[in-house]
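Written out below as structure tokens is the structure these notes cover.
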Amino acid sequence: MALDEVFARIPEGWFEMGSDEGPAEERPVHRVWVEAFDFAVYPVTCVAYALFLRASGHAPPRDWTLLSTIPDRPVVGVSWFDCQAYCRWRASEGSPVRLPSEAEWERAARGGIDGQMYPWGNAIPAWIPEGGRGPLEAPWPVTLGEPNPFGLFGIAANVHEWCADWYASDYYRVSASDQPAGPEDGVRRASRGGSWRHAVTMSRCAARSRLDPSYRYTDYGFRVARQR
0 MALDEVFARI PEGWFEMGSD EGPAEERPVH RVWVEAFDFA VYPVTCVAYA
50 LFLRASGHAP PRDWTLLSTI PDRPVVGVSW FDCQAYCRWR ASEGSPVRLP
100 SEAEWERAAR GGIDGQMYPW GNAIPAWIPE GGRGPLEAPW PVTLGEPNPF
150 GLFGIAANVH EWCADWYASD YYRVSASDQP AGPEDGVRRA SRGGSWRHAV
200 TMSRCAARSR LDPSYRYTDY GFRVARQR
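Going left to right, the sequence shown walks through residues 0 to 227 as numbering that gives the first Met the number 0 numbers them.
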């Protein structure tokens, strides 16, 4: 089975979202319910994205000539709009997928364990390159390392992963407790997780980031979700 066709089941449940130890945008910690969903075990790879490009004629991502030579790496240099186009293409091929919400992403990253700092516990694991940077100064193979308790590889460490939500720094103060989907509008889209550029500084489960949805950065990729 191709890497991009492997999903893990994230069970429904309550979890404690946010952190009282981090910046104000991560507060307050609040209890959130997330319905069960499937989440890709790996971020979208260059192999899968190449199929999309060939089939759709969509504009290639930033630095694609280099990226396409390392197929076991996650695709990067994609905007939020590019991710949405990829999801629409997958749906047209009979495999509907979507970007996760921030709440779904954090629920999945925590692996069902409230209070831990990282997806792997409270310490940076030995398999993350020293300083967070890989030897090639590029994304790592998507299979590098050990999975979190839900079986997800590389979450919070390899690439920043786009989320579906608009971003608001004060959203947690007014967030719904049942399946929150982010603000109704905004300027930037939310993203989660660390990247090969700074895996350690942004790898906390609760860490939030945001970006103009049209930007294409070489440490930004995405992971897809689906409902059964």
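Ideal Cβ placement from N, Cα and C applies to all residues, glycine included. Values in this document were obtained by computation on a predicted structure and should not be read as measured data.
query                                                                                  : result
Integer Cβ distance of P99 from C45, believed to fall under 8 Å                        : That pair is no contact at about 21 Å.
7 Å CB neighbourhood of F221 in its chain, flanking five on each side removed          : P42, V43, V77, C82, L98, E160 and W161
Alpha carbon of A206 to alpha carbon of C86, nearest angstrom                          : 25 Å
For S190, three-class secondary structure by DSSP                                      : strand
Buried or exposed by the 16-neighbour rule on C-beta atoms within 10 Å, applied to P10 : exposed
Beta-carbon spacing of A108, L151 below 9 Å                                            : yes
Those residues which DSSP pairs with R209 across a bridge                              : A189
CA nearest to the CA of W165, picked from E92, R89 and P179                            : P179
Backbone secondary structure at S55 - three-state DSSP                                 : helix
Given R203 as reference, the closest of W13, D19 and E4 once Cα atoms are compared     : D19
N-terminal and C-terminal residue of the beta strand (DSSP E) that W195 is part of     : Segment: none, W195 is in no beta strand (DSSP E) and carries neither H nor E.
Limits of the unbroken alpha helix (DSSP H) element including D184                     : Premise fails: D184 is in no alpha helix (DSSP H) and is neither H nor E.
Three-state secondary structure (DSSP) of A7                                           : strand
Exposure of V186, with buried meaning 16 or more beta-carbon neighbours within 10 Å    : exposed
C204 - DSSP class collapsed to helix/strand/coil                                       : coil
R53 at chain C interface by Cβ criterion, 9 Å                                          : Within the model displayed, chain C is absent; a lone protein chain is all it includes.
Distance between S208 and A155 (C-alpha atoms, nearest Å)                              : 12 Å
W126 - DSSP class collapsed to helix/strand/coil                                       : coil
Three-state secondary structure assigned by DSSP to P118                               : coil
Beta carbon of R24 nearer than 9 Å to that of D169                                     : Inspection of the sequence shows that residue 24 is occupied by Glu rather than by Arg. Yes, the Cβ-Cβ distance between E24 and D169 is below 9 Å.
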